[in-house]
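Chemist:
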Amino acid sequence: MRNLIAANWKMHKTRAEARDLARALADALAAAPASPSAEVVLFPPFTAFEAVREGLGEAKIDFGGQDVYPAESGAFTGEISPGMLLDAGCSWVLTGHSERRHILGESSVLVGEKTAFALKQGLCVILCVGESLAEREAGRLEDVLQAQLADGLANVPAEAVSRLAVAYEPVWAIGTGKVASAEDIAAAHAFVRSRLNALPGTEAGQSVRILYGGSVKPENAAGILALDNVDGLLVGGASLQAETFLRIIRAGQTA
Ligand code: 13P
Numbered sequence: 380m381r382n383l384i385a386a387n388w389k390m391h392k393t394r395a396e397a398r399d400l401a402r403a404l405a406d407a408l409a410a411a412p413a414s415p416s417a418e419v420v421l422f423p424p425f426t427a428f429e430a431v432r433e434g435l436g437e438a439k440i441d442f443g444g445q446d447v448y449p450a451e452s453g454a455f456t457g458e459i460s461p462g463m464l465l466d467a468g469c470s471w472v473l474t475g476h477s478e479r480r481h482i483l484g485e486s487s488v489l490v491g492e493k494t495a496f497a498l499k500q501g502l503c504v505i506l507c508v509g510e511s512l513a514e515r516e517a518g519r520l521e522d523v524l525q526a527q528l529a530d531g532l533a534n535v536p537a538e539a540v541s542r543l544a545v546a547y548e549p550v551w552a553i554g555t556g557k558v559a560s561a562e563d564i565a566a567a568h569a570f571v572r573s574r575l576n577a578l579p580g581t582e583a584g585q586s587v588r589i590l591y592g593g594s595v596k597p598e599n600a601a602g603i604l605a606l607d608n609v610d611g612l613l614v615g616g617a618s619l620q621a622e623t624f625l626r627i628i629r630a631g632q633t634a
């Protein structure tokens, strides 16, 4: 299974900054290609898709949207459809990021609608799940993951499972510098894997990549990638500079 190394730029980067960052990544990977075992995907803000496309040129790097609405078109002010993402050159989308769940109040049911609809429309999806500190301290880790996965994966068509990935991002580790311990990551990923195996077709569950996200840095990337059931990384802050993100991409080659 190829490691998926994904960059979530969140609400950062003007068009010029996005073009420069995409170009810097493309140039560096052209000069010293990433191993075929690492697949790289960028999640810029919607306004920067065209700039990212220009910056990437012929580089084998895909990009995607940070969010999507589960309808083809219509009166949904402020929203973006899967077809619009595909039209803009996206092949991926994130669903259920904790910032959308906790800051924007997005429900797990809506996250599931987005995930299923985006897959049906042909996008690849990274469904994000993860517990808050209060939930972890209350011993509710597995309940929370179970509920988010049950709602998030409801109605995922069996033929689309090959385009699905799941990111485990403990909320308390995002942007805080606090990385989950190796034991915590391994336990959470094993639990996610067990739930994926309960999807129709056990073999399909085995093929779904499970990414870790939360304060990933060049220094900890290789160690996290070496853990069981870790098939990639979803990187926030450390993906905003070419130099640090490239070190993370290259960490994936040696793990
Ligand atoms: P940080 O890497 O900044 O902690 O963000 C993680 C994240 O939320 C990626 O989606």
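When you read off a place in the sequence shown, starting at 1, and then add 379, the result is the number in the working numbering.
Beta carbons are placed, not taken as given, at the ideal position from N, Cα and C, and that holds for glycine.
Does any heavy atom of ligand 1 sit closer than 7 Å to the C-beta of HIS391?
Modeler: no
Chemist: What do you get for LEU464, buried or exposed, if any count of 16 or more other CB atoms within 10 angstroms of its CB means buried?
Modeler: buried
Chemist: Rank PRO423, ALA409, GLU478 and LEU590 by C-alpha distance to the C-alpha of GLY554 and give the top, closest one.
Modeler: GLU478
Chemist: Determine the DSSP secondary structure at ASN387, reduced to helix, strand or coil.
Modeler: It is a strand residue.
Chemist: Does DSSP put ARG394 in a helix, in a strand, or in coil?
Modeler: helix
Chemist: Are the segment 529 to 537 and the segment 563 to 572 touching, with three or more C-beta to C-beta distances below 8 Å?
Modeler: The answer is no - the segment 563 to 572 does not touch the segment 529 to 537, with fewer than three Cβ pairs under 8 Å.
Chemist: Beta-carbon separation of ASN608 and VAL558 under 8 Å?
Modeler: no
Chemist: Any heavy atom of ligand 2 within a distance shorter than 7 Å of the CB on SER594?
Modeler: In terms of ligand content, the structure shown lacks ligand 2 and carries ligand 1 instead.
Chemist: Identify every residue that forms a DSSP beta bridge with GLY443.
Modeler: TRP471
Chemist: If we ignore side chains and look at the alpha-carbon of each, how far apart do ASP610 and ALA517 end up?
Modeler: 28 Å
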